[in-house]
Every structure is written in structure tokens, then in C-alpha cells.
Amino acid sequence: MVPGVKLVIFGKQGAGKGTQCQRLARHYVVPHISTGDMFRAAVKSGSEFGVKAQEFMQTGELVPDDIVIGLVSERLSDLDTRGRGFILDGFPRTAQQAEALAEHLAPDEIDLAIDLEVPTEVVLRRLAGRRVCQDCGTNYGPDNPPKEDDICDVCGGEVIQRRDDTEAAIRRRLELYEKETEPLIAWYLSRDQLVTVDGMGTPDQVTARLIRAVDTRREHRHAR
Ligand code: AP5
Ligand code: MG
Ligand code: ZN
Numbered sequence: 294m295v296p297g298v299k300l301v302i303f304g305k306q307g308a309g310k311g312t313q314c315q316r317l318a319r320h321y322v323v324p325h326i327s328t329g330d331m332f333r334a335a336v337k338s339g340s341e342f343g344v345k346a347q348e349f350m351q352t353g354e355l356v357p358d359d360i361v362i363g364l365v366s367e368r369l370s371d372l373d374t375r376g377r378g379f380i381l382d383g384f385p386r387t388a389q390q391a392e393a394l395a396e397h398l399a400p401d402e403i404d405l406a407i408d409l410e411v412p413t414e415v416v417l418r419r420l421a422g423r424r425v426c427q428d429c430g431t432n433y434g435p436d437n438p439p440k441e442d443d444i445c446d447v448c449g450g451e452v453i454q455r456r457d458d459t460e461a462a463i464r465r466r467l468e469l470y471e472k473e474t475e476p477l478i479a480w481y482l483s484r485d486q487l488v489t490v491d492g493m494g495t496p497d498q499v500t501a502r503l504i505r506a507v508d509t510r511r512e513h514r515h516a517r
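The numbering of the sequence shown is my numbering, which starts it at 294 and goes up by one.
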């Protein structure tokens, strides 16, 4: 396998982006860049930036484009991402963010954007049962609880419920997904950069499907 890949992962709140991106990052040996995780780390650190981000996040609103774009551009300029690639989770989420990403990468481009598809009633059930590690961001649900109560299997951090996993904030996040983010799927499709992958089934089944989709795309690219 050729290491390195440049991926963008779309999917509703609770579709499993974080869960799957963590696995794909390990498989392809590339950084997992989650804007949500970056903001949560800032909130936890108590920085001025974190306090500002928290205002938007806890009600499910989007953090303003200029802040998000600045943060991601900086991360994409690091040596590891420039050399090996990246998996973007939760970015881009608006037309302006998608354009900024294309501009940042030009004349290069992403390998693939993936729409991880899961019905709304299933994501609502998943989010209601979700808990996350405060330190490393590993996700736990009713089907995969931590071995020891409230303690992360991976890093020993504390496992808590996310502050934006309230009914009202979840509703708002899903609304904004439909309005701001879903149109980007058509945009990537028109650029012949999108595949849809079924996000139902066990996490292992979904990972296998995702790897197949990415490898198929890369084989075609190398054959050209
Ligand atoms: P972000 O952290 O990106 O949250 P989100 O988009 O709301 O998505 P989630 O993290 O809720 O869902 P996920 O798809 O990662 O699902 P997960 O793997 O956890 O963003 C948070 C906030 O930050 C935003 O609201 C906004 O304020 C701000 N922000 C971030 N990026 C921004 C941007 N670009 N622009 C502006 N603002 C931005 O899975 C969910 C649950 O299901 C887990 O419990 C998991 O264990 C379980 N699960 C996963 N897969 C399966 C499976 N196959 N079967 C059963 N259970 C499963
Ligand atoms: Mg996530
Ligand atoms: Zn952890």
C-alpha cells in the first residue's frame, strides 16, 4: 500500500465520522484533523479562543468561517500534512470553507470526499448514548462502553457526555448540516471527487467499506 492520502469525510452529526476517521488515520498513517476536537481542546485549555468557540458550540451554531479557516490552514501547512496528507473530519462545513480548502491545496487536490450515510433516526439514537474521552476524543456508545466506568480504554482519560449533545443543540446541528453542509456534497460530486459509503452496521464493517472505497479510487488514479 502507498502511504498517505488526502480525504474529506462528510456525514450528519452522529454518522460516525470521528469513530471512523480515527481508524482510517491509523490505517493510512496520516493525521486525523477534526475541527470539533481542536475546538474542544481549546475549550478545555480555557484559552480566550476556547471561551469564544464554546459560545457557538454549546448551542450547536457554527464557529465563524474566518476562525475555522485560519485554524485549518495553519494545520495544513505543517510538515506532516504537507508530506503525508490528512483526513479532515468536520471540515469543510460551508461553501466558503470548501473554497478555502481548494485554494489552499491548488494546484493539488484531495483524493476523495466521502459521504458517510446514516438515517436521521439512527444518528439521534447514537448521539443520545454517546460519551467521549476528554483527552483523546475516543468515542464510546451503549454498544461499546469503556471497560472501566468513565475511564478511557485508550489513554485513561475521563469519559464524559459532550456539552453539545443536548436535544436542542443536536436539532440545531442537524439543521445546519442540511442547510450549510449538504450542498457541498453536490459540489464535490460535480468535481468527480465524491463517493457515498453506507455508515450502517458495526464500526468494523463500516471501516472495511471505507478502505475499499479509498483504495479503489487510488488504484484508478495510479492507473491513469
Ligand atoms: P464536531 O465535533 O465535528 O461534531 P459534529 O459534526 O456534530 O459530529 P459528531 O462529532 O457529533 O458526530 P460524528 O459523525 O463524529 O459521530 P461519532 O463518531 O462521534 O463539531 C462540534 C461543533 O464544533 C460544531 O457544532 C461547531 O460548533 C464547531 N465546528 C466544528 N467544525 C466546524 C467547522 N468546520 N465550521 C464551523 N464550526 C465548526 O459517533 C457517534 C456515536 O455513535 C458514538 O457514540 C459512537 O460510539 C457511535 N457509533 C459510531 N459508529 C457506530 C456504528 N457503526 N454502530 C453503532 N454505533 C456507532
Ligand atoms: Mg465527531
Ligand atoms: Zn482517551
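Built from N, CA and C at the ideal position, the CB exists for glycine as well.
This structure is a prediction, so every number in the text was calculated from the model and none was measured.
Measuring from each Cβ to the nearest heavy atom of ligand 2, keep the ones under 7 Å and list them in chain order.
310, 311, 327, 329, 382, 383
By the 10 Å Cβ neighbour count, where 16 or more other Cβ atoms means buried, how is residue 454 classified, buried or exposed?
Exposed is the call here.
Considering only residues of the region 300–349, which uninterrupted alpha helix (DSSP H) runs meet the minimum length of 4 residues and lie entirely inside it, listed in chain order?
310–321, 328–338
Does at least one heavy atom of ligand 1 sit under 6 Å from the Cβ of residue 355?
yes
Spell out a yes or no on whether the region 371–381 and the region 435–445 are touching, meaning 3 or more CB-CB pairs, one atom from each, closer than 8 Å.
no
Taking the CB atoms as reference points, tell me whether residue 383 and residue 328 lie closer together than 7 Å.
yes
With DSSP as the reference, please indicate the residues paired to residue 487 in a beta bridge.
406
Does the Cβ of residue 450 lie closer than 6 Å to at least one heavy atom of ligand 1?
Checking every heavy atom of ligand 1 against the Cβ of residue 450, none is found closer than 6 Å.
Quick check on the DSSP output: the beta strand (DSSP E) that includes residue 363 runs from which residue to which?
No beta strand (DSSP E) contains residue 363, which is instead part of the alpha helix (DSSP H) from 358–369.
If you measure between the beta carbons of residue 407 and residue 499, is that distance less than 7 Å?
No; because the gap between Cβ atoms is not below 7 Å, this pair is not in contact.
How about the region 456–465 and the region 351–358: do they share at least three Cβ pairs that are nearer than 8 Å?
yes
Closer than 6 Å: is that where the CB of residue 316 sits relative to any heavy atom of ligand 1?
no
In this structure, what does DSSP give as the bridge partners for residue 444?
Note: residue 444 sits in a beta bridge opposite 441, 451.
So, for residue 301: in the same chain, excluding its five sequence neighbours on each side, which residues have a beta-carbon less than 6 Å away from its beta-carbon?
So the qualifying residues of the chain are 381, 403, 406.
For the structure I just gave you, are there three or more beta carbon pairs, one from the region 331–346 and one from the region 499–516, closer than 8 Å?
Output reads no: the region 499–516 does not touch the region 331–346.
Please report the distance separating the alpha-carbon of residue 428 from that of residue 339.
14 Å
Please state the DSSP three-state secondary structure of residue 411.
coil
Is any non-hydrogen atom of ligand 1 found closer than 6 Å to the C-beta of residue 350, if you look at the structure I gave you?
yes
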